Amino acid sequence: MPPSVDIRRALAEDAPALTALMHASAAYRGAYAAILDGYAVTPAQIGRDLLYVALKDGQPLGFYSLVHATCEPELDLMFVSDTAQGCGVGALLFQHMQESARSLGIGRVKIVSHPPAEAFYLRMGAQRIGSILPAGRVTWARPLLSLPVEPGQSQQ
265 MPPSVDIRRA LAEDAPALTA LMHASAAYRG AYAAILDGYA VTPAQIGRDL LYVALKDGQP
325 LGFYSLVHAT CEPELDLMFV SDTAQGCGVG ALLFQHMQES ARSLGIGRVK IVSHPPAEAF
385 YLRMGAQRIG SILPAGRVTW ARPLLSLPVE PGQSQQ
């Protein structure tokens, strides 16, 4: 684990900070900016989904949202601040998400990847199974990935 990084369940009052972290992402500038226009993490989303935040000294470094109350569980959001990328925070959050899925008995997690993030997900064990064609304000194809979650002893 990166030094002094804690992961905890997101709280409703975290929504503005998580939205700001997401909108500050350099990976969503230029042509990719349209997908985040008007999008915000909401208290309702935090209450509904498994949304966890990685913190250092009380400041959010990243977060993920696992939509699990569907027939096809999905990693809906995963963001790491630009300053924390390459420090192990993304891997830590991803492993936490896998453990969360495992503890719920989920066998597979769907990931519709942001194209620049695909290599990270593949390194973490996801498999490419197709593409999502451009639609609406998303004018690029998005990698469709599947992450097998092996049954076993949960660490949480």
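Using my numbering, the letters of the sequence shown correspond one by one to residues 265 to 420. Quick reminder that beta carbons are idealized off the backbone N, C-alpha and C, glycines included. Model, not experiment: these values are computed from the prediction.
C-alpha gap between residue i and residue j, whole angstroms
i, j, result
"residue 407", "residue 323", "31 Å"
"residue 392", "residue 413", "15 Å"
"residue 270", "residue 373", "23 Å"
"residue 388", "residue 319", "21 Å"
"residue 299", "residue 401", "6 Å"
"residue 362", "residue 294", "31 Å"
Beta-carbon contacts of residue i that lie in its chain and below 7 Å, excluding the five residues immediately before and after
i, result
"residue 282", "274, 305, 317, 324, 327"
"residue 289", "343, 346"
Identity of the residue in the options nearest residue i by Cα
i, options, result
"residue 291", "386, 276, 342", "342"
"residue 376", "268, 336, 350", "336"
"residue 321", "384, 268, 381", "268"
Own chain partners of residue i with C-beta closer than 6 Å, once the 5 adjacent residues on each side are dropped
i, result
"residue 315", "274, 329"
"residue 340", "329, 331"
"residue 309", "none"
Contact with chain B by residue i, beta-carbon distance below 8 Å
i, result
"residue 280", "Chain labels in this structure do not include chain B; a single protein chain is all it has."
Would you mind listing the beta strand (DSSP E) stretches within the stretch 294 to 345 that are 3+ residues and don't spill past its ends, in chain order? 314 to 320, 323 to 331, 338 to 344
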